[in-house]
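What follows is a single structure, written as structure tokens, with notes after it.
2 protein chains.
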Amino acid sequence: MSLKKKPVTGMRDILPAEMQIRDYILNQIKDTYRSFGFSSIETPCVEHIENLLSKQGGDNEKLIFKIMKRGEKLNLEAAETENDLSDSGLRYDLTLPLSRYFANNAANLPSPFKALQVGNVWRADRPQKGRYRQFVQCDIDILGDATNQAEIELILATTTALSRICPGRSFTVRINDRRILRAMAVYSGFPEEDVEKVFITVDKMDKIGVDGVKAELLDNGYGEGAVDKCLDLMEKASDDVSGVRTMGELLNGVLEEGAAENLAQIMETVNRVSDVDCRLVFDPTLVRGMGYYTGTIFEVSMEGFDGSVAGGGRYDRMIGKFTGIDTPACGFSIGFERIVLILLDTGFTVPGGNGKEAWLFEKGMDNERICSIMKEAMEARTQGRTVLVAQMNKNKKFQKEQLGKEGYQEFREFYKEELK
Amino acid sequence: MSLKKKPVTGMRDILPAEMQIRDYILNQIKDTYRSFGFSSIETPCVEHIENLLSKQGGDNEKLIFKIMKRGEKLNLEAAETENDLSDSGLRYDLTLPLSRYFANNAANLPSPFKALQVGNVWRADRPQKGRYRQFVQCDIDILGDATNQAEIELILATTTALSRICPGRSFTVRINDRRILRAMAVYSGFPEEDVEKVFITVDKMDKIGVDGVKAELLDNGYGEGAVDKCLDLMEKASDDVSGVRTMGELLNGVLEEGAAENLAQIMETVNRVSDVDCRLVFDPTLVRGMGYYTGTIFEVSMEGFDGSVAGGGRYDRMIGKFTGIDTPACGFSIGFERIVLILLDTGFTVPGGNGKEAWLFEKGMDNERICSIMKEAMEARTQGRTVLVAQMNKNKKFQKEQLGKEGYQEFREFYKEELK
Numbered sequence: 001m002s003l004k005k006k007p008v009t010g011m012r013d014i015l016p017a018e019m020q021i022r023d024y025i026l027n028q029i030k031d032t033y034r035s036f037g038f039s040s041i042e043t044p045c046v047e048h049i050e051n052l053l054s055k056q057g058g059d060n061e062k063l064i065f066k067i068m069k070r071g072e073k074l075n076l077e078a079a080e081t082e083n084d085l086s087d088s089g090l091r092y093d094l095t096l097p098l099s100r101y102f103a104n105n106a107a108n109l110p111s112p113f114k115a116l117q118v119g120n121v122w123r124a125d126r127p128q129k130g131r132y133r134q135f136v137q138c139d140i141d142i143l144g145d146a147t148n149q150a151e152i153e154l155i156l157a158t159t160t161a162l163s164r165i166c167p168g169r170s171f172t173v174r175i176n177d178r179r180i181l182r183a184m185a186v187y188s189g190f191p192e193e194d195v196e197k198v199f200i201t202v203d204k205m206d207k208i209g210v211d212g213v214k215a216e217l218l219d220n221g222y223g224e225g226a227v228d229k230c231l232d233l234m235e236k237a238s239d240d241v242s243g244v245r246t247m248g249e250l251l252n253g254v255l256e257e258g259a260a261e262n263l264a265q266i267m268e269t270v271n272r273v274s275d276v277d278c279r280l281v282f283d284p285t286l287v288r289g290m291g292y293y294t295g296t297i298f299e300v301s302m303e304g305f306d307g308s309v310a311g312g313g314r315y316d317r318m319i320g321k322f323t324g325i326d327t328p329a330c331g332f333s334i335g336f337e338r339i340v341l342i343l344l345d346t347g348f349t350v351p352g353g354n355g356k357e358a359w360l361f362e363k364g365m366d367n368e369r370i371c372s373i374m375k376e377a378m379e380a381r382t383q384g385r386t387v388l389v390a391q392m393n394k395n396k397k398f399q400k401e402q403l404g405k406e407g408y409q410e411f412r413e414f415y416k417e418e419l420k
Numbered sequence: 001m002s003l004k005k006k007p008v009t010g011m012r013d014i015l016p017a018e019m020q021i022r023d024y025i026l027n028q029i030k031d032t033y034r035s036f037g038f039s040s041i042e043t044p045c046v047e048h049i050e051n052l053l054s055k056q057g058g059d060n061e062k063l064i065f066k067i068m069k070r071g072e073k074l075n076l077e078a079a080e081t082e083n084d085l086s087d088s089g090l091r092y093d094l095t096l097p098l099s100r101y102f103a104n105n106a107a108n109l110p111s112p113f114k115a116l117q118v119g120n121v122w123r124a125d126r127p128q129k130g131r132y133r134q135f136v137q138c139d140i141d142i143l144g145d146a147t148n149q150a151e152i153e154l155i156l157a158t159t160t161a162l163s164r165i166c167p168g169r170s171f172t173v174r175i176n177d178r179r180i181l182r183a184m185a186v187y188s189g190f191p192e193e194d195v196e197k198v199f200i201t202v203d204k205m206d207k208i209g210v211d212g213v214k215a216e217l218l219d220n221g222y223g224e225g226a227v228d229k230c231l232d233l234m235e236k237a238s239d240d241v242s243g244v245r246t247m248g249e250l251l252n253g254v255l256e257e258g259a260a261e262n263l264a265q266i267m268e269t270v271n272r273v274s275d276v277d278c279r280l281v282f283d284p285t286l287v288r289g290m291g292y293y294t295g296t297i298f299e300v301s302m303e304g305f306d307g308s309v310a311g312g313g314r315y316d317r318m319i320g321k322f323t324g325i326d327t328p329a330c331g332f333s334i335g336f337e338r339i340v341l342i343l344l345d346t347g348f349t350v351p352g353g354n355g356k357e358a359w360l361f362e363k364g365m366d367n368e369r370i371c372s373i374m375k376e377a378m379e380a381r382t383q384g385r386t387v388l389v390a391q392m393n394k395n396k397k398f399q400k401e402q403l404g405k406e407g408y409q410e411f412r413e414f415y416k417e418e419l420k
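Chains as they are written, first to last, in my numbering: chain A, 1 to 420; chain B, 1 to 420.
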């Protein structure tokens, strides 16, 4: 029986040309984040099934690749459900493993801890263009900082990284606070216990518009009074710092004291400090999917492209699930695969990726000559040059074309008898 | 119920100090390999179970983490064996996925193709010190080159990378050829069909010595004549190039024509071209575990440390399992985790890892001042400096100690009232 050549469903092989772009982007991101004082860490790709299924992951929990128990632990006959057969699974994001990591290692880490984590995650999503079942996430998080210094650093670092990857583009950071969302819902007359459900509908604003959101909320049985009041409120505030303060005044008594001022200060400080072409926009309709957010939430979009290229927020209650003691936490995730696609689509070439040399020698050349060619190549490499040494193929033209695809543009040819 | 803080059995969290060393080693390896013209590629961590269980992986196939089928495909009631529940698993090495990759993408790759692959692999080994169930492999392979130019390039590139990571150390490359091993066994009188079994015993030479190997072979029922003849033969040849040629003469008629000269040429060329302090040693007892090797095999050790730090060989018949047409292939794998351990144990510090600055500001400082501190930090970062900005903790001394562990050695402190 011959073996399977294609990758498993929904996953893919990455060719050298794309890898060059991926490596370039990752290096830009890592260099930027390190300059802000973020430290690289790593967590295992495999996580306890109990942690993965602990309701921190929302819908992603339905998409887990579960790993089978091994040896004696695997009892096929006694197993009644899927969960009897599995004690671990592939992580679906980097935030849950980071929280476990911090709970496990806090004594050996500074406080606050600025973490940088890059790694694969897996989700058994329906395969579709540009969406794969294995993909890279690239997160920074600040753990143990309750002040909005965390949000400010995260936004500055991420927009700086993005602007290094895509110079000349302008960025928009939409920003909101889960506490403002909650206060708006309660103020408008939605039942407190339904707030999460209301958010799920509001989160569709981008796709179905205000009318769609209104229709769905009415469909779900909420009174027209509450629905209109809430939607009106969302339009009342301007999208700048003064809008945040206006919203704070409107929600006075319902909204947690200081929450609006906290958000206003984040926007003001980033505006003052940032040297990136980036606009901060207060968006009271911004929800973000994950259930674990407790405060500020943000999302970055790039001029000329739909959707977001980065997003994150504050999740002050996840680490407490591991330790019993809540620890403030705030994170930002760059949409790495999205950015790769954008650069591929716009025909990006890696700076300095040229100048690779291929030295081809004729078949049957005596060993003495080959040795001296190789010695010369070794010297060139110590000077930082990239030199590939290979035997010339019969079809030299095709060989050079193929090498050209990998960025080889300089060729040297060596023949048994020197060409005169 | 609180969640699990520890990583899953046999896997581990990696702290920032070790990550710095890992990143440093990986960058050295990647830079060196790229300068030799190797191109980065990536394969999914998840592989078809049929491929993983195709007898290419030897004992590693017993250590596979199997992933459960999903949705309708998972039929718990109809499942009779473990294999009915799983259609994929985590890769146990990078060679099998590379072969699948090449079979799948050869039309879009140059020939020969020089691949560089770095990634996690998983083996459910019994956990023990320094051996984990998830670990990084770091491989280079040359596919489509039947000449010994492949072996020569691989040995030059790998010893160059190792010498950049551990400057001042000397290396030994032990080298042999599976065809020589086979010829020795047949020449000595072992039955042709038992050759693989004989190798398994010979492979234990390092651990149980010549006497142990002899005893085990006799135990396995082989005649003393064959055993003595084979062990004598292994000692007859000197460990240099002339030894290879001597062996070739001794095995004349049994050994494939040109095999000894091929190996001798590899040794001669590397000796001439290499500028690394590395000794090539012909070792007719070298076997290497994996069953898929068909020709040259090699293993690198480093002065002052037991065991090997890299190994590889030629496997000309694996890609044919996917395509039906054999393709010459040769690879070298650096023992990345072993090298990390060596550098950690010898107290290695990453060059240029110092000079990280932490700027601490007093709690309650007005926003105006914080903004100007942050603006100054932004400027410093654009000059390539690493600047962490954080609020000063109550226990400033402890905060600095913890930051010191992450490599921060320069501190600046900012107070509400400037110290005079």
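Idealized CB from N, CA, C, for every residue including glycine.
Taking a cut-off of 8 angstroms on C-beta distances, the segment 154–164 of chain A touches the segment 266–279 of chain A, as three or more cross pairs fall below it. For MET318 of chain B, there is no enclosing alpha helix (DSSP H), as DSSP gives it neither H nor E. For ARG279 of chain B, the secondary structure class from DSSP, reduced to helix, strand or coil, is strand. The shortest CA-to-CA distance from GLY335 of chain B to any of B:VAL244, B:GLN137, B:LYS204, B:ASN367 is the one to B:GLN137.
At a cut-off of 9 angstroms between beta carbons, THR296 of chain B makes no contact with chain A. Spanning the alpha carbons of GLY364 of chain B and VAL270 of chain A requires a straight line of approximately 18 angstroms.
Within the same chain, Cβ atoms closer than 8 angstroms to the Cβ of ARG412 of chain A are found at GLU357, ALA358, TRP359, LEU360, the five residues on either side in sequence being excluded.
Within the segment 206–269 of chain A, the complete alpha helix (DSSP H) segments at least 4 residues long are 224–236, 241–250, listed from N- to C-terminus. Between ALA124 of chain B and chain A, the shortest Cβ-Cβ separation is below 9 angstroms. Shown here for GLY320 of chain A: same chain residues with a beta carbon closer than 6 angstroms to its own, the five before and five after excluded, namely ASP326 in chain order.
Against chain A, the beta carbon of ARG272 of chain B has neighbours under 7 angstroms at CYS371, listed in chain order. The continuous beta strand (DSSP E) containing THR296 of chain B extends over residues 296–302. In summary, the residues of the segment 31–46 of chain A whose CB is separated from some CB of chain B by less than 9 angstroms are ASP31, THR32, ARG34, SER35, PHE36, GLY37, PHE38, SER39, SER40, ILE41, GLU42, THR43, PRO44, CYS45, VAL46, in the order they occur in the chain. Counted as a single uninterrupted DSSP element, the alpha helix (DSSP H) harbouring CYS371 of chain A occupies residues 367–382. Using a Cβ-Cβ cut-off of 8 angstroms, LYS321 of chain B is close to SER2, LEU3 of chain A, given in chain order. For LYS114 of chain B against ILE155 of chain B, the beta-carbon gap comes to about 14 angstroms, at or over 8 angstroms, which does not count as contact. Per DSSP, the beta bridge partners of LEU90 of chain B are B:VAL46. Spatial neighbours of ARG131 of chain A in its own chain (CB-CB distance under 7 angstroms, excluding positions within 5 residues in sequence) are listed in chain order as ASP125.
Leaving aside the five residues that flank VAL46 of chain A on each side, the residues in its chain whose CB is nearer than 8 angstroms to its CB run, in chain order, ILE67, SER88, GLY89, LEU90, ARG91. In the DSSP secondary-structure assignment, TYR292 of chain A is not bridged to any residue.
Interface flag for ASN108 of chain B against chain A is set, since a Cβ pair is found closer than 9 angstroms.
Contact with chain B is found for ILE67 of chain A, since one of that chain's Cβ atoms lies less than 9 angstroms from the residue's Cβ. Interface annotation, GLY384 of chain B: in contact with chain A, CB-CB separation under 9 angstroms. Interface annotation, LYS396 of chain B: not in contact with chain A, CB-CB separation never under 9 angstroms. Assignment of TYR415 of chain B by DSSP, reduced to helix, strand and coil, places it in the coil class. Cβ contact annotation for CYS166 of chain B (same chain, cutoff 7 angstroms, sequence separation greater than five): MET302, in chain order. Counted as a single uninterrupted DSSP element, the beta strand (DSSP E) harbouring LEU360 of chain A occupies residues 356–361.
Close partners of ASN60 of chain B in chain A (Cβ separation under 8 angstroms) are lacking, with about 14 angstroms as the shortest Cβ gap.
According to the DSSP assignment, LEU403 of chain B belongs to the alpha helix (DSSP H) that extends over 396–405. Annotated as proximal: VAL202 of chain A and THR285 of chain A, with beta-carbon spacing under 9 angstroms.
Straight across, the Cα-Cα distance linking GLY221 of chain A with LYS207 of chain A is about 21 angstroms.
In terms of beta-carbon proximity, ASP87 of chain B lines the interface with chain A, with at least one pair separated by less than 9 angstroms. Taken residue by residue, none of the segment 228–258 of chain B has a beta-carbon sitting less than 8 angstroms from a beta-carbon on chain A.
With a threshold of 9 angstroms between beta carbons, TYR415 of chain A makes no contact with chain B. Those residues of the segment 323–340 of chain B placed with their C-beta closer than 8 angstroms to a C-beta in chain A are THR323, GLY324, ordered along the chain. At a cut-off of 9 angstroms between C-beta atoms, LYS356 of chain A counts as an interface residue with respect to chain B.
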